[in-house]
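Below you'll find the structure, written out as structure tokens, and then a few comments.
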Amino acid sequence: MIAGPLRSILSEDLVPVPEPLTLALRPGSEAPPRAVACRAARALLDGPALETASHPEAWPPWLAPHQVPAAERLSRILARYGGALLADAVGLGKSYVALAVALARAEPFALIVPAVLAPQWRSLLDRFGVEAPIITHETLSSHADRPLPSVTVRCRLFVVDEAHRFRNPETNRHRALARLVVGARVLLVTATPVHNRLADLLHLLRLFLRDHALAAIGVPSLRRAALGDVDETAIAGAVARLVVARTRARVRTGYVAGPVALSFPRRSDADPIRVGTAPDEVLEALVTGVRSLTAGGHAAPLIRLMLLRRLASSLPAFRASLARHEAYLDLAAGAAADGRGLTPREFQRCFPRNESPDVQLVLFPMLLERGAVSPTPEDRRALARLRALGADGRDPKADALERFLDTHPGKTIVFADARATVRHLLHRLRSRRVAAVFGGSARESSRFAAGVATRHEVLRAFAPAAQGAPPPLRSLETDVLIATDLLSEGLNLQDAERVVHYDVPWSPARLAQRVGRVDRLGSPHAGISTVTFLPPEPLSAALALEERLAAKIRAQVTAASAQLETTRGAAADTAGIDWCDRLGDLARTGDTAPVGAWAAVRGEREATVVVVRIGRLAEAIVVEGGVARADPVAATRLLAQATTAAPTEGGLGDVRRAVQAAAGLVRTRLAALQDARWRATDRDRLARRLIPWVLSAGRRAARRGDALQLTALDGLVSRLASGMTVGEELLLERILSRREPLAVRDLLEWHARLPPLQGDDAGVDVELVAALCVDSISCPSTPSSSTSTAPSSTRST
1 MIAGPLRSIL SEDLVPVPEP LTLALRPGSE APPRAVACRA ARALLDGPAL ETASHPEAWP
61 PWLAPHQVPA AERLSRILAR YGGALLADAV GLGKSYVALA VALARAEPFA LIVPAVLAPQ
121 WRSLLDRFGV EAPIITHETL SSHADRPLPS VTVRCRLFVV DEAHRFRNPE TNRHRALARL
181 VVGARVLLVT ATPVHNRLAD LLHLLRLFLR DHALAAIGVP SLRRAALGDV DETAIAGAVA
241 RLVVARTRAR VRTGYVAGPV ALSFPRRSDA DPIRVGTAPD EVLEALVTGV RSLTAGGHAA
301 PLIRLMLLRR LASSLPAFRA SLARHEAYLD LAAGAAADGR GLTPREFQRC FPRNESPDVQ
361 LVLFPMLLER GAVSPTPEDR RALARLRALG ADGRDPKADA LERFLDTHPG KTIVFADARA
421 TVRHLLHRLR SRRVAAVFGG SARESSRFAA GVATRHEVLR AFAPAAQGAP PPLRSLETDV
481 LIATDLLSEG LNLQDAERVV HYDVPWSPAR LAQRVGRVDR LGSPHAGIST VTFLPPEPLS
541 AALALEERLA AKIRAQVTAA SAQLETTRGA AADTAGIDWC DRLGDLARTG DTAPVGAWAA
601 VRGEREATVV VVRIGRLAEA IVVEGGVARA DPVAATRLLA QATTAAPTEG GLGDVRRAVQ
661 AAAGLVRTRL AALQDARWRA TDRDRLARRL IPWVLSAGRR AARRGDALQL TALDGLVSRL
721 ASGMTVGEEL LLERILSRRE PLAVRDLLEW HARLPPLQGD DAGVDVELVA ALCVDSISCP
781 STPSSSTSTA PSSTRST
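Just so we're aligned, residue 1 is where the sequence shown starts under this note's numbering, counting upward by one.
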């Protein structure tokens, strides 16, 4: 045997490394804790070249202190992902942030806004001398295949206000917007991205995000995630990278200096008022009668639910719904006699779009089924009994509202679900200084108690300061504004100090939007309040309103919504909702450590934070008790504490053990990246159908020696395997739906029109970005001089 350094290492002397991934993730040098936290934060925010300090002078001076970092981060997200979501709590000035981001990009942009907000946006553009086309939601809703406005051809950015209206992929407006934004960047703006379930948020992100874009951080497929096939905690941690969502509490405490003062009203919320729209015995008989109706087949429960909601609103609204229900019975009977279902025109006659739009989306396909069942005689008799009972003229609910207004003076907005209820209350309160906005035709959409008016006139009379109008004539002064949810989005009405939820909406997001009309930055009131009217038993049990709201609030909490409202007022801020925003603070703390650096500090509990880059994305893994979990919220908290914590000696041993524990999770993510691209079962239906066909064309091109087409087909396969945005899928479906036989050139032309894939999209490299050991006593000592010793890929016995 040769002694000393010349000794040979024989094959039998080699043993396998227990965990090969630890070689790629081996820690580097020790560094100051603050620098390690800065390195980790920049990686998690996708900012490898992030500057060490913000430069507010680069942003317009009209941005408030909390708006500048939002604009900075949104700009980075747009550059990295092609889209972003601004979901700050209501009233924090999202319109100003969105406009600043659009101007900073110095390229043509367009606004997609509800028609009711178009004048407000036009005024904002004029104020700053900006020109941009405005397209209304209603224009996109008219027909999914309608030619898109020509002014949008040059636009490279689309700002979508009240973006939650595009959360349903089955609507015309969603499909039209998806096609419109292909190849452009998208800035979505809404305080309430989740109305019913977490899928709402995912459908919004798919407008600009490829299906597999977040596979490296726990969401292999956005499409599957929307179907409930992915852990919700993983979804929340992944999508937070694309969202700026700050709570009121964060803005109050996190941004205290700047050229614009922050002033928020204080909230005081009254206990709910339980009262019915009819005397108890009448209400109970009406509920029993509605629950006996059977018409509608599979849709019968939804039809009954709509009737019960109108009963909870007011008897006039209930009577109007009964009339529509009777029309539905007549049309359904005629359709059944002809052996068919309702036509779309017949459906709209019975169930107008502006009545319970969320339910319409479900009812529509169910009631258009062929072979609808003819209504029974029992339904006709039940309907007659309901009409007789509903003729009762007493209204305990309206009486309670009048008493409340008598004891609570001040400008008040009363929100109701049904237009019939708004008209009813306008008549009941006509002796007060009252006005109403309830939609419908332009000529009859708004009224003062004395007569018809335009919506613009009503809003200027009720909230002159917020609308930038002079004080109204004394005869037009308005203290109470009654409205449907037409006014719950976007409008500034902070002259008012109170919101009354006369009817409880389908979603807590609606509650937040309503309150947001008065609970806004710069409100002139020191305090504002809300009160909610709830139905009594047995109507409350039949509707199960509070249970439905609670379930939807849970979805909002999971999705990190910035504003949560309940029937008792504002909910407490959710923990960890602003972790990306807090990472922004850490990213600007000073000099950053080199990649792979680690640090050890004292803390309240023993844990190790391991930040790993997988492909192009960074993940924060927390290791406690030898168990690794992806937890960016907890990691952010530990990294923030490390900037002021006392450093400890040693810690490298704990870091290595944490890397060993995290390796299994990293391996799972790497497998997900590979599976998302190449496993046929994980591909969407179009890719599963087309990839084999394109590969076959590639083999033919190879046999011909056609290198140019072979290269093009290779790029096409990569695109199909990487997943598509919704708009790209729709454009592809249009090609596949043609009568002409599909040709290779058709797919190559589709591929050429789309933005190029990023060169490293297929990358599966991994590296340790940073690690932080936190010990409540002391980390097991490993001499820091040993940090220069790197493990080898093999070792001798």
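We put the CB at the ideal spot given by N, CA and C, even for glycine.
On a predicted model such as this, the values are computed, not experimentally measured, just so you know.
Residue i to residue j span [Cα, whole Å]
| i | j | result |
| --- | --- | --- |
| D200 | L177 | 15 angstroms |
| R731 | A184 | In the sequence on display, residue 731 carries Leu and not Arg. Whole-angstrom Cα-Cα distance: 15 angstroms. |
| L187 | V159 | 5 angstroms |
| G584 | P69 | 8 angstroms |
| L322 | L383 | 7 angstroms |
| H55 | L140 | Its pLDDT being 44, under 50, H55 is placed unreliably in this model, and the coordinates cannot settle the point. |
| A593 | D161 | 39 angstroms |
| V36 | A672 | 28 angstroms |
| R223 | D765 | 25 angstroms |
| R385 | S292 | 11 angstroms |
| A216 | W506 | 35 angstroms |
| S540 | V504 | 11 angstroms |
| A886 | R179 | Absent from the model: residue 886. The displayed extent of the chain is 1 to 797, so no value can be given. |
| A416 | P272 | 15 angstroms |
| R739 | P169 | 25 angstroms |
Reduced DSSP secondary structure (H/G/I, E/B, other) of residue i
| i | result |
| --- | --- |
| L534 | strand |
| V287 | helix |
| R266 | strand |
| E619 | strand |
| E624 | strand |
| F438 | coil |
| R309 | helix |
| V251 | helix |
| H501 | strand |
| S776 | coil |
| S529 | strand |
| G83 | strand |
| P470 | coil |
| A213 | coil |
| A37 | helix |
| G297 | helix |
| P69 | helix |
| L222 | helix |
| P344 | helix |
| E281 | helix |
| G451 | strand |
| A416 | coil |
| T608 | strand |
Per-residue burial, residue i [other beta carbons within 10 Å of its own, 16 or more giving buried]
| i | result |
| --- | --- |
| V531 | buried |
| H751 | buried |
| R705 | Residue 705 is actually Gly in this sequence, not Arg. Exposed, because fewer than 16 other Cβ atoms sit within 10 Å of the Cβ of G705. |
| H66 | buried |
| L405 | buried |
| V612 | buried |
| P61 | exposed |
| T52 | Because T52 sits at a pLDDT of 37, beneath the cut-off of 50, its placement in the model cannot be relied upon, and the following sentence gives the value as read from the coordinates. Under this definition T52 is an exposed residue. |
| L202 | buried |
| L742 | exposed |
| S529 | buried |
| T484 | buried |
| W334 | The residue asked about is misnamed: residue 334 is Gly in this sequence, not Trp. Flag for G334 reads exposed. |
| T775 | Reading the sequence as shown, one finds Asp at residue 775 and not Thr. Burial call: buried. |
Cutoff 8 angstroms: residue i Cβ touching any chain C Cβ
| i | result |
| --- | --- |
| G650 | The structure shown contains no chain C, having only a single protein chain. |
query: Do the region 69 to 88 and the region 116 to 123 make contact, defined as three or more Cβ pairs closer than 8 angstroms?
result: By the Cβ test, the region 69 to 88 is not in contact with the region 116 to 123, since fewer than three Cβ pairs between them sit closer than 8 angstroms.
query: Within the chosen definition, does the region 282 to 289 reach the region 387 to 399 through at least 3 CB pairs nearer than 8 angstroms?
result: Yes, the region 282 to 289 touches the region 387 to 399.
- prompt: Of all the alpha helix (DSSP H) runs that stay within the bounds of the region 170 to 202, which reach a length of 4 or more residues?
  reply: Runs of alpha helix (DSSP H) with 4 or more residues, each lying fully within the region 170 to 202, are found at 172 to 180, listed in chain order.
- prompt: How do the region 691 to 700 and the region 635 to 643 stand: do at least 3 beta-carbon pairs fall below 8 angstroms, yes or no?
  reply: As far as the Cβ criterion goes, the region 691 to 700 does not touch the region 635 to 643, which means the pair count is below three.
field: Cβ pair count under 8 angstroms reaching 3, the region 206 to 215 against the region 592 to 609
entry: Contact fails: fewer than three Cβ-Cβ distances are below 8 angstroms.
- prompt: Should the region 423 to 432 be called in touch with the region 487 to 498, which here means at least 3 C-beta pairs below 8 angstroms?
  reply: Contact between the region 423 to 432 and the region 487 to 498 is absent: fewer than three C-beta pairs spanning the two stretches fall below 8 angstroms.
query: Touching or not, the region 463 to 472 and the region 444 to 455, by the rule of three or more beta carbon pairs under 8 angstroms?
result: Touching, no.
task: Scan the region 97 to 167 and note each continuous beta strand (DSSP E) run of 3 residues or more that stays entirely inside, going in chain order.
output: The region 97 to 167 is shown to contain whole beta strand (DSSP E) runs of 3 or more residues at 109 to 113, 134 to 136 and 157 to 161, in chain order.
- request: Please confirm if the region 606 to 625 is in contact with the region 648 to 665, defined as three or more CB-CB distances below 8 angstroms between the two stretches.
  value: Taking a cut-off of 8 angstroms for Cβ pairs, the region 606 to 625 and the region 648 to 665 touch, as three or more such pairs fall below it.
- request: May I have a chain-ordered list of the alpha helix (DSSP H) segments no shorter than 4 residues that lie completely inside the region 696 to 765?
  value: Whole alpha helix (DSSP H) segments, 4+ residues: 707 to 721, 726 to 736 and 744 to 753.
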